[in-house]
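Down below is the structure, laid out as structure tokens.
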Amino acid sequence: MGLFEKRRARKFFIYVQDYDTSDPKSHEGLDLNEVTARQLISKYGLEDDTIDFIGHALALHLDDSYLDKPAKDFVERVKIYAESLARFQGGSPYIYPLYGLGELPQAFARLSAVYGGTYMLNKPECTVEFDENGKAIGVTSEGETAKCKKVVCDPSYLSDKVQKVGKVARAICIMSHPIPDTNDSHSAQVILPQKQLGRKSDMYLFCCSYAHNVAPKGKYIAFVTTEAETDQPEVELKPGIDLLGEVDEIFYDIYDRFEPCNDHEADGCFISTSYDATTHFETTVKDVVGMYSKITGKVLDLSVDLSAASAASEE
Numbered sequence: 213m214g215l216f217e218k219r220r221a222r223k224f225f226i227y228v229q230d231y232d233t234s235d236p237k238s239h240e241g242l243d244l245n246e247v248t249a250r251q252l253i254s255k256y257g258l259e260d261d262t263i264d265f266i267g268h269a270l271a272l273h274l275d276d277s278y279l280d281k282p283a284k285d286f287v288e289r290v291k292i293y294a295e296s297l298a299r300f301q302g303g304s305p306y307i308y309p310l311y312g313l314g315e316l317p318q319a320f321a322r323l324s325a326v327y328g329g330t331y332m333l334n335k336p337e338c339t340v341e342f343d344e345n346g347k348a349i350g351v352t353s354e355g356e357t358a359k360c361k362k363v364v365c366d367p368s369y370l371s372d373k374v375q376k377v378g379k380v381a382r383a384i385c386i387m388s389h390p391i392p393d394t395n396d397s398h399s400a401q402v403i404l405p406q407k408q409l410g411r412k413s414d415m416y417l418f419c420c421s422y423a424h425n426v427a428p429k430g431k432y433i434a435f436v437t438t439e440a441e442t443d444q445p446e447v448e449l450k451p452g453i454d455l456l457g458e459v460d461e462i463f464y465d466i467y468d469r470f471e472p473c474n475d476h477e478a479d480g481c482f483i484s485t486s487y488d489a490t491t492h493f494e495t496t497v498k499d500v501v502g503m504y505s506k507i508t509g510k511v512l513d514l515s516v517d518l519s520a521a522s523a524a525s526e527e
């Protein structure tokens, strides 16, 4: 980014930082419910590469359709990135659990037990049971049936109630060094915008390491993913893999993506969508929040004051 572009970008980021929905003075005469992201960006004369960076790496948009939509969501996404970056003071807006993502369901299992929940792990051949009206009434495995009124599952359990919407190309890479040009970071995320790759979708790189207790001492694990446009993951993922440097071993995979097509009110089945190519879990969280509302009939309120909650727990 050249000197003049840095100045233009700085002015844009100052606008985003100062923007307050409840304070019209901070809007600088712009109604972001009417002005598109493209129109807002054009005011600052940002270059295409800068727009790609802000839109895809900061705001985490999956494509460029956001440019022709009201700018308010775009600005709020960039603000969330900046606020997250400032909150943890670790040089990153992201947090990642030690021992890997498996710690999240494990923590849920413990919390579930506190409230009377029961966990049964590694149960084979689970079959959802339905009554004569097609309503889910239980799940059977090894001759035992757990009765229920609602079933929450991923697409693999109810293949006749989901539809294929795409496929993901993925490479899992074992390395003995961090990703080059990342200041020797033990963890990193790199987003390659689709336009710069000549693709229809972005490419994502994620790296974690022995520092997170997910690999042996001195080893790093990198994932390269994208929405598959062919049946050749080795070719499609090459731009991302080329950024990794020397790789000890690499594993390629392509898997289908599904989304539910059932009437959850009629059959009592709440099915998640498959994981997509993103590595930041933004789409996954949106799916979970949406499922919560469908299951409970309530809107999930995540507006809790974390600082106040932390202070209360220490008292």
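Residue numbers 213 to 527, in this note's numbering, belong to the letters of the sequence shown in order. Every residue, glycine too, gets a C-beta built ideally from N, C-alpha and C. Quick caveat, the model's predicted, so the values are computed rather than measured.
Between residue i and the rest of its own chain, which residues show a CB-CB distance below 6 Å, the 5 nearest in sequence each way excluded?
i: Gly396; result: The sequence as given places Asp at residue 396; Gly does not occur at that position. Once the five neighbours on either side are set aside, the close Cβ partners of Asp396 are Pro390.
i: Glu471; result: Val377 and Thr485
i: Val363; result: Val340, Ala348 and Cys481
Apart from the five residues on each side of it in sequence, which residues of its chain come closer than 8 Å, Cβ to Cβ, to residue i?
i: Arg289; result: Leu270, Ala271, Leu272 and His273
i: Ile453; result: Ala383, Cys385, Val436, Val459 and Ile462
i: Ala400; result: Pro390, Ile391, Thr394, Leu417, Phe418 and Cys419
i: Glu354; result: Lys335, Pro336 and Glu337
Under a Cβ-count criterion, where at least 16 other Cβ atoms within 10 Å of its own Cβ denotes burial, should residue i be classed as buried or exposed?
i: Thr491; result: buried
i: Gly356; result: One detail in the question is off: residue 356 reads as Glu in this sequence, not Gly. Exposed: under 16 other Cβ atoms inside 10 Å.
i: Cys156; result: The chain is shown only over 213 to 527; residue 156 falls outside these bounds and no answer can be derived.
i: Leu417; result: buried
i: Leu370; result: buried
i: Val516; result: exposed
i: Asp414; result: buried
i: Pro367; result: buried
i: Ser296; result: exposed
i: Ile266; result: buried
i: Ala321; result: exposed
i: Leu226; result: Here residue 226 is Ile; the residue named in the question, Leu, does not match the sequence. Ile226 comes out exposed.
Could you pull out every residue in the same chain whose Cβ sits closer than 7 Å to the Cβ of residue i, ignoring the five residues on either side in sequence?
i: Ile263; result: Ile253
i: Arg220; result: Tyr256, Gly257 and Leu258
i: Leu456; result: Cys385, Met387, Ile391 and Ala434
i: Asn245; result: Pro282 and Lys284
i: Tyr422; result: Pro428, Lys429, Gly430 and Lys431
i: Ser505; result: Val511 and Leu512
i: Asp235; result: none
Does residue i come out as helix, strand or coil in the three-state DSSP assignment?
i: Met213; result: coil
i: Arg469; result: strand
i: Ile493; result: With the sequence shown as reference, residue 493 is identified as Phe, and Ile is not the correct amino acid for it. DSSP places Phe493 in coil when its eight states are reduced to three.
i: Gln229; result: helix
i: Tyr504; result: helix
i: Tyr487; result: coil
i: Glu246; result: coil
i: Glu240; result: coil
i: Glu458; result: coil
Any chance the CB of residue i is under 6 Å from a heavy atom of the ligand FMN?
i: Val447; result: With respect to the ligand FMN, the structure shown offers nothing to examine, as it has no ligands at all.
Q | Three-pair Cβ contact test at 8 Å for the stretch 462-474 versus the stretch 442-452 | A | The stretch 462-474 makes contact with the stretch 442-452, as at least three CB pairs between them are under 8 Å.
Q.
Going residue by residue through the stretch 251-290, where are the continuous alpha helix (DSSP H) segments of at least 4 residues, counting only ones entirely within it?
A. 260-264
(Q) Suppose only complete runs of 3+ residues qualify. What are the beta strand (DSSP E) ranges in the stretch 307-374, listed by chain order? (A) 339-342, 348-353, 356-359 and 363-365
**Q.** At least three beta-carbon pairs within less than 8 Å, the stretch 325-334 to the stretch 299-315
**A.** no
Q. What are the start and end residues of each continuous beta strand (DSSP E) run of 3 or more residues lying completely inside the stretch 365-451, in chain order?
A. Fully enclosed beta strand (DSSP E) runs of 3 or longer: 374-387, 400-404, 415-421 and 432-439.
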